[in-house]
Amino acid sequence: MAALDVDFYILKNVCWQVVLTGLISFSTAFIIIGYVVLKFNKDSWDLQSCLLFSMTLGITDPVHSVNSLKTIGISKMYTDIIRGESMIICGFTSIFFGVFRSNILSISNFRELHIIMGLSLDILGSIICGYWCARIIQFILTDLFSNTLTNIVLCISMVYLTFYIVEFLGMSGMVALVAVGLNLDSLSFKPRIELIITKFLIMFSCVYQHLIYTFFGIVIGCGEIKHFQFHTLVFMFILFATVNFVRLLTVVLVSPILRHSNYEYNWRWGIVIAWSGIKGVFSLLLAPDIHNLAEQKVESPQLFILYIQVISLMTMGINSYMMTYSARTLGLCAISLPRQMAMQNAIKHIQEIIQNRITLFKTEKILTNVNWTLVEEKTKIEYIIPFPHVSCDKKVKEESPTDEVLIEEARLHVAIIQMSSFEKQCNDGVLSVEAARTLIGATKSYCHIQGK
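Per my numbering, residue 3 is the first one in the sequence shown, and the count goes up by one each step.
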């Protein structure tokens, strides 16, 4: 689901930024969370359990982490970088867990060269399987069976089949699904099929997440009460503070990368992105394996699930709220003056079209009994621009936009119109899919470059 939302052309242009961000985030979480668990946890966890726990808790949910960011109008490049970072961490963690499951390795045996070669082959093989699965799905979506329902069922079945086949072969099904999503774009689907598949995936993922949280909640409730002490509650807050500190440190370390990727990045966006380290169902699914792969079995394995589930719920609630609150407080939700002008001009144009249509209908004899005064009143568009409450000096007046700002805003609007036009021409059969994909990719390549 997250890989389908990622724009492959934007991700390709910032590929090295995404890889560096993912590696920095994974390494920072692995080291700091692992150290905190070893230092402050009073339960008898061995080193391997602590490191596996830190890897699991370091996973950022690629769906929930950007949902709040999209509502406050952040650039799609940032959301794609965060999604890409999350998918890299998910892929690394799933591969590491897969290696431990298949070989029952310990940390001391992890230095051998054939293990590193096995990891590389797992990543490469998973990507190849995902690529060919995407090609098969694209072939099915060419209306192979002349039946929309059959095509949709085959596509969804192909995704599940790919995941289980790749896992059966000892590789990472999660990496394969990421490769599938990245190789599919809006041009791969017909408009109707894309809407149906998207709605189904949203509905299914929502139901699945609720079932997972409910099931693990029951598992936690079946544990013995003697293991739930006051230190357990204290350690939850320590982990929550550690997770957010790790995210803040990661944003500080990758700020030069984000500043290089987009000229709009500043410290305000850095504060908002620092709250995007939301944990989700991906971490929770790997929690039971921590006990299964540990060198020394603990008396209360349900604590692994408890800590991860509580941190996941806390970040979903608190971090999501703090992202929106920080954006509003720092004035990032404010609509720029060029966009206000563009919206006002669009509304004025729509109002003129409606008024011309009403004037034309007034000449129809069959509509002589219509109360045109009421029609004009009901069709009048009243648009009020929302002004956010920003704590700043009232004497400071907002400066009028310069010509450079207006030209840059117009450039972005023209690029969006061009991409919409190319996609429409592809759907109408004027352009081939490859030609439209090339033109859209070329347009997106210059969107994030100021003045291009």
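Don't be surprised by glycine CBs; every beta carbon is placed ideally from N, CA and C.
- Residue nearest to P290 within the set T361, I214, L186 is I214 (criterion: CA-CA distance).
- Ranking N246, Q19, I139 by CA distance to the CA of L163 puts I139 first.
- The three-state secondary structure of Y267, taken from DSSP, is coil.
- Following the DSSP letters along the chain, one finds M173 in no alpha helix (DSSP H), marked with neither H nor E.
- In the three-state DSSP reduction, V65 falls in the coil class, being neither helix nor strand.
- Of the candidates S51, I35, N43, G24, S51 places its Cα closest to the Cα of K299.
- V274 is positioned such that its CB atom lies closer than 9 Å to that of I74.
- For L59 against M325, the beta-carbon gap comes to about 19 Å, at or over 8 Å, which does not count as contact.
- Under the criterion of beta carbons closer than 8 Å, I310 and V245 do not qualify as touching, at roughly 10 Å.
- Around the beta carbon of H262, fewer than 16 other beta carbons sit within 10 angstroms, so the residue counts as exposed.
- Separation of the CB atoms of F218 and L286 is rounded to 6 Å, and the pair is thereby assigned contact status at 8 Å.
- Leaving aside the five residues that flank V377 on each side, the residues in its chain whose CB is nearer than 7 Å to its CB run, in chain order, I360.
- Here H293 is buried: its Cβ has 16 or more other Cβ atoms, across all protein chains shown, within 10 Å.
- Secondary structure at E379: helix, using DSSP grouped into helix, strand and coil.
- The shortest CA-to-CA distance from S96 to any of L288, I349, I418, S328 is the one to L288.
- Spanning the alpha carbons of S104 and M173 requires a straight line of approximately 10 Å.
- V39 sits in a helix when the DSSP states are folded into three classes.
- Taking 9 Å as the cut-off, the beta carbon of F165 is found no closer than this to the beta carbon of F94.
- In the three-state scheme derived from DSSP, where H, G and I count as helix and E and B as strand, F230 is classed as coil.
- Judged by DSSP in its simplified three-state form, P303 adopts coil rather than helix or strand.
- I222 and Q304 do touch by the CB rule: their CB atoms are close to 5 Å apart, below 8 Å.
- E366 sits in coil when the DSSP states are folded into three classes, being neither helix nor strand.
- When secondary structure is reduced to three states using DSSP, F242 falls in the helix class.
- In this structure, DSSP gives C224 a state outside helix and strand, which the three-state scheme calls coil.
- Between L260 and G279, the C-beta spacing is not below 9 Å.
- Taking V283 as reference, the option from H212, L251, D48 with the minimal CA-CA separation is H212.
- In the structure shown, Q19 falls within a helical segment according to DSSP collapsed to helix, strand and coil.
- Proximity to L53 across T62, I84, T30 peaks at T30, based on C-alpha coordinates.
- Put simply, the stretch 79-90 does not touch the stretch 325-334. Fewer than three CB pairs are less than 8 Å apart.
- Under the DSSP assignment, Q50 falls in the alpha helix (DSSP H) whose first and last residues are 49-59.
- Shown here for I154: same chain residues with a beta carbon closer than 8 Å to its own, the five before and five after excluded, namely I195, I198, I199, F202 in chain order.
- In this structure, DSSP gives T144 a state outside helix and strand, which the three-state scheme calls coil.
- Our two residues, Q19 and V182, have alpha carbons roughly 21 Å apart in a direct line.
- With a 10 Å radius around the Cβ and a threshold of 16 neighbouring Cβ atoms, E87 comes out buried.
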